[in-house]
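Structure first, then comments.
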């Protein structure tokens, strides 16, 4: 095991925190239920401006939000009140509930927005976060969710799409792709998810990332994958979102 002071993942995590705070965001945690069953960690504006619209960034499956939105946060913060939550079982967000669906994730983000007084916002979701963003928009409607951007997300994924993805990755189970536990599995994920490939990364380096980014809440994250409603049947039945012009 690499000592924390020599861990690139640990050092990079500190760099990311400085990027977020430098963009005017504050790390916060809030109980969204009366009975304190569910707690969400999020980054929100240190000083909210009434002159800026609100924008919610919802991360994909993998590392916590901070690891997925660094570049976007730095460019978007001057123009929006940014809210960047960690979805449940990612980062410091957690729940005692047995719910594991994308609808539950969307409900939790909706409760967070209500709790912190965000009445209207735009939403951007990537990958798994795109599925959550879609459900959030369907749930809250165009009166509360204005523009929605869904990127690199299988919102309309069918069973055949899922089979093709696993075949391309050379794997039998989706958790072996989305929840890597070995350097080779992490390389498989990177080959599909990263546009610019790094020619060689030593295994000890990858093990450090696996330990810091993929070791927490593995059981619960596997349940989240199994709880997805998409990609299990032969047809897609999603309906278009109605958005404000």
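In full-length UniProt numbering, the protein residues as written are 1 to 245. Beta carbons: idealized from backbone N, C-alpha and C, even for Gly. Keep in mind that this is a model prediction, so the values were computed, not measured.
- Note on geometry: alpha-carbon atoms of residue 173 and residue 167 lie some 10 Å from one another.
- Distance check between residue 92 and each of 65, 21 and 196 places 65 closest, using alpha-carbon atoms only.
- In the same chain as residue 37, and ignoring 5 residues on each side of it, the C-beta atoms closer than 7 Å to its own belong to 95, 96 and 97, in chain order.
- In its chain, beyond the 5 residues on either side, 58, 59 and 60 have a beta carbon closer than 6 Å to the beta carbon of residue 129.
- When only Cα atoms are considered, residue 225 and residue 176 end up about 11 Å apart.
- Around the beta-carbon of residue 47, fewer than 16 other beta-carbon atoms lie within 10 Å, marking it exposed.
- In terms of Cα proximity to residue 112, the closest of 219, 68, 41 and 127 is 41.
- The count of Cβ pairs closer than 8 Å, one atom from the stretch 15-28 and one from the stretch 67-85, reaches three, so the stretches are in contact.
- Ranked by how close their Cα comes to the Cα of residue 31, the residues 159, 138 and 109 have 109 in first place.
- The three-state secondary structure of residue 155, taken from DSSP, is coil.
- Taking all protein chains in view, the Cβ of residue 126 is crowded by 16 or more other Cβ atoms within 10 Å, so the residue is classified as buried.
- Rounded to the nearest whole angstrom, the CA to CA distance from residue 10 to residue 209 is 9 Å.
- About 5 Å separates the CB atoms of residue 81 and residue 54; that is less than 8 Å, so the two are in contact.
- If you draw a straight line from the Cα of residue 34 to the Cα of residue 107, it comes to about 14 Å.
- One Cα belongs to residue 142, the other to residue 118, and the distance between them is close to 14 Å.
- Measuring C-alpha to C-alpha distances from residue 147 to each of 191, 242, 50 and 153 identifies 242 as the nearest.
- Your pair residue 236 and residue 158 checks out as a contact, with CB atoms roughly 5 Å apart and the cut at 8 Å.
- Contact check for residue 180 against residue 186 passes: the beta carbons are separated by less than 7 Å.
- Per DSSP, reduced to three states, the secondary structure at residue 146 is strand.
- Unbroken alpha helix (DSSP H) runs of no fewer than 4 residues, entirely contained in the stretch 45-91, are found at 65-68 and 70-76, following chain order.
- Residue 25 holds the alpha-carbon nearest to the alpha-carbon of residue 84 among 25, 165 and 102.
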